[in-house]
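**Q** Residue numbers (UniProt numbering), protein chains in the order written: chain A, 1 to 192; chain B, 1 to 192.
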């Protein structure tokens with residue numbers, strides 16, 4: 001029992017990591033803990049539109065654990081330059097350390113889920129990616145492009161980096177976003 | 001697709017509701033969105049110790065949606081006096097309104113999960129209750145009893161209100177907490 005308690009208290013630290021998006025209607029930057037909850041809800045709601053049939057519960061589990069590595073490694077802005085491979089290695093080491101607080105079989109199963117998400121090696125992982133990538137877009141579309149403007153992100157960057165993964169996981173979602181992103185460009189909601 | 005987007009943006013408001021417990025090591029009060037994420041992780045970790053065999057994925061779904069009614073109704077402190085029945089009715093009306101943003105079959109399925117949690121009518125719901133009730137205790141035990149001291153909550157109140165539901169869902173968890181709560185009393189971490 002003490003192992004589970006140590007694990008769950010360590011997870012509390014994810015509430016202190018800050019992302020680049022503000023909670024709607026506030027000045028506070030959201031954290032990966034509440035973000036993970038929201039994308040789990042997005043995935044449950046969108047599951048009927050997944051590109052391939054998916055086990056929605058596996059998707060939810062994956063989304064709940066996918067940001068745990070940020071407890072040690074912090075949040076990296078999706079459009080930031082940087083050594084993506086070193087970044088992934090740091091997050092994986094963190095995830096392994098934190099899941100390792102649990103008994104070995106549970107630790108191994110959570111790390112396997114984390115790896116599955118990271119490598120995008122299943123229909124569930126691809127759909128999970130689509131939810132994870134789409135959520136900040138939906139918030140920016142509701143927030144006059146706040147994180148795009150704050151961080152100098154262009155329409156071309158958003159489309160270039162997101163069309164592939166979102167379409168691969170949930171084509172109907174990308175069809176929807178494409179029109180909304182055009183509209184956002186006309187509104188001047190991009191930063192570059 | 002617009003229905004799902006409206007729903008997920010409405011859910012964003014849960015990040016603005018405040019609970020009585022501070023995020024460890026900060027002055028910020030946690031919100032029910034990040035709390036829902038954390039108890040979903042607690043339930044996944046504790047599932048092998050559930051009182052009865054449970055479908056952990058159903059438990060997770062239940063925990064992800066159980067606080068959605070607080071978007072309209074706000075958070076009620078567990079130990080507060082008040083009309084519990086009116087409170088539940090307000091939260092259920094809110095949940096029905098918010099889930100109702102989704103297409104009818106999805107709305108009905110989320111509301112059924114919400115009701116199942118609320119009535120404690122299944123092994124999954126009872127285990128979910130144990131996780132939900134235990135999390136603030138674990139945080140208070142790690143936080144020198146912050147929300148107990150701030151709100152004048154006694155050791156007898158905690159034991160009286162929590163022993164039943166936690167033991168019913170996860171006996172090993174209550175066995176663990178009982179000793180820790182005695183220790184907290186000796187430390188003077190209660191408010192009354």
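Think of the CB as a built atom: it goes at the ideal place given N, C-alpha and C, for glycine as much as any other residue.
As the structure is a computational prediction, the values presented were derived from the model and not from experiment.
Tell me, please, whether the CB atom of residue 148 (chain A) is closer than 8 angstroms to any CB atom in chain B?
**A** The residue you call residue 148 (chain A) lines up with position 148 of the first chain. No, because no Cβ of chain B sits closer than 8 angstroms to the Cβ of residue 148 (chain A).
**Q** Helix, strand or coil for residue 24 (chain B)? Go by DSSP, reduced to three states.
**A** The count along the second chain starts at 1 and reaches residue 24 (chain B) at position 24. DSSP places residue 24 (chain B) in coil when its eight states are reduced to three.
**Q** Among all the DSSP beta bridges, which residues are the ones paired with residue 29 (chain B)?
**A** Along the second chain, read from residue 1 onward, the residue named residue 29 (chain B) stands at position 29. In DSSP, residue 29 (chain B) forms a bridge with B:22.
**Q** Going by CA-CA distance only, name the one from A:2, A:7 and A:40 that's closest to residue 125 (chain A).
**A** Against the first chain, residue 125 (chain A) aligns to sequence position 125. Among A:2, A:7 and A:40, the Cα nearest to that of residue 125 (chain A) belongs to A:40.
**Q** Taking Cβ-Cβ distances shorter than 7 angstroms, what residues in chain B pair up with residue 7 (chain A)?
**A** The residue labelled residue 7 (chain A) in the question sits at position 7 within the first chain. Here the neighbours are 45.
**Q** For residue 171 (chain B), I'd like the list of residues in its chain whose CB is within less than 7 angstroms of its CB, leaving aside the five on either flank, ordered along the chain.
**A** Counted from its first residue, the second chain places residue 171 (chain B) at position 171. Around residue 171 (chain B): 51.
**Q** Just checking: is the beta-carbon of residue 57 (chain B) within a distance shorter than 8 angstroms of some beta-carbon in chain A?
**A** Along the second chain, read from residue 1 onward, the residue named residue 57 (chain B) stands at position 57. Contact with chain A is found for residue 57 (chain B), since one of that chain's Cβ atoms lies less than 8 angstroms from the residue's Cβ.
**Q** Taking DSSP as the reference, what is the three-state secondary structure of residue 159 (chain A)?
**A** As a position in the first chain, residue 159 (chain A) is number 159, starting the count at 1. Residue state, collapsed to three classes: helix.
**Q** Out of curiosity, what's the CA-to-CA distance linking residue 234 (chain B) and residue 141 (chain B)?
**A** There is simply no residue 234 (chain B) to check, as chain B begins at 1 and stops at 192 in what is shown.
**Q** On the CB-based measure, 16 or more other CB atoms within 10 Å of its CB, does residue 187 (chain B) come out buried or exposed?
**A** Working through the second chain from its first residue, we reach residue 187 (chain B) at position 187. Answer is exposed; the Cβ neighbour count stays below 16.
**Q** With respect to 7 angstroms, is the separation between the Cβ of residue 57 (chain B) and the closest non-hydrogen atom of the ligand PLP below this value?
**A** In terms of ligand content, the structure shown is empty, and the ligand PLP therefore cannot be addressed.
**Q** Please go through the same chain and pick out, in chain order, the residues whose beta-carbon is closer than 8 angstroms to the beta-carbon of residue 38 (chain A), but skip the five residues on each side of it.
**A** Taking the first chain and counting its residues from 1, one reaches residue 38 (chain A) at position 38. A distance below 8 angstroms between beta-carbons, with the five flanking residues on each side excluded, links residue 38 (chain A) to the following residues of its chain, in chain order: 135.
**Q** In this structure, how does DSSP classify residue 89 (chain A) when only helix, strand and coil are distinguished?
**A** Numbered from 1 along the first chain, position 89 holds the residue referred to as residue 89 (chain A). DSSP places residue 89 (chain A) in helix when its eight states are reduced to three.
**Q** Going along chain B, which residues have a C-beta under 7 angstroms from residue 30 (chain A)?
**A** Start at 1 with the first residue of the first chain, and residue 30 (chain A) comes out as number 30. Correct list: 15.
**Q** For chain B, check one thing: does any of its Cβ atoms lie closer than 8 angstroms to the Cβ of residue 12 (chain A)?
**A** For this step, residue 12 (chain A) is matched to residue 12 along the first chain. So yes, residue 12 (chain A) belongs to the interface.
**Q** Counting only C-beta atoms, is residue 62 (chain B) closer than 8 angstroms to chain A at any point?
**A** Against the second chain, residue 62 (chain B) aligns to sequence position 62. Judged by the 8 angstroms Cβ criterion, residue 62 (chain B) is not in contact with chain A.
**Q** State buried or exposed for residue 56 (chain A), treating a residue as buried only when at least 16 other CB atoms are found within 10 Å of its CB.
**A** Your numbering for residue 56 (chain A) matches position 56 in the first chain. Residue 56 (chain A) comes out buried.
**Q** Residues in its own chain within less than 7 angstroms of residue 70 (chain B) by CB, not counting five upstream and five downstream?
**A** By 1-based counting over the second chain, the position of residue 70 (chain B) is 70. Hits under 7 angstroms: 14, 17, 32 and 91.
**Q** Under 8 angstroms Cβ to Cβ from residue 74 (chain A), same chain only, skipping five residues before and after it: list those, please.
**A** Against the first chain, residue 74 (chain A) aligns to sequence position 74. Closer than 8 angstroms at the Cβ level, and outside the excluded window around residue 74 (chain A), lie 17.
**Q** Quick check on this structure: which residue in A:162, A:144, A:99 and A:173 has the alpha carbon closest to the alpha carbon of residue 185 (chain A)?
**A** Taking the first chain and counting its residues from 1, the one referred to as residue 185 (chain A) is at position 185. Comparing Cα positions, the closest option is A:144.
**Q** Buried or exposed: residue 106 (chain B), going by 16 or more other Cβ atoms within 10 Å of its Cβ?
**A** By 1-based counting over the second chain, the position of residue 106 (chain B) is 106. Buried, because 16 or more other Cβ atoms sit within 10 Å of the Cβ of residue 106 (chain B).
**Q** Please identify the residue among B:78, B:101, B:42 and B:128 whose C-alpha is closest to the C-alpha of residue 153 (chain B).
**A** Numbered from its first residue, the second chain carries residue 153 (chain B) at position 153. Ranking the options by Cα distance to residue 153 (chain B), first place goes to B:78.
**Q** Is any beta-carbon of chain B found at less than 8 angstroms from that of residue 137 (chain A)?
**A** As a working note, residue 137 (chain A) is residue 137 in the first chain. Cβ-Cβ to chain B under 8 angstroms: no for residue 137 (chain A).
**Q** Give every residue of the same chain whose Cβ lies closer than 7 angstroms to the Cβ of residue 100 (chain B), excluding the five residues on either side of it in the sequence, and list them in chain order.
**A** Within the second chain, the letter at position 100 stands for residue 100 (chain B). Cβ neighbours of residue 100 (chain B) beyond the five flanking positions: 107.
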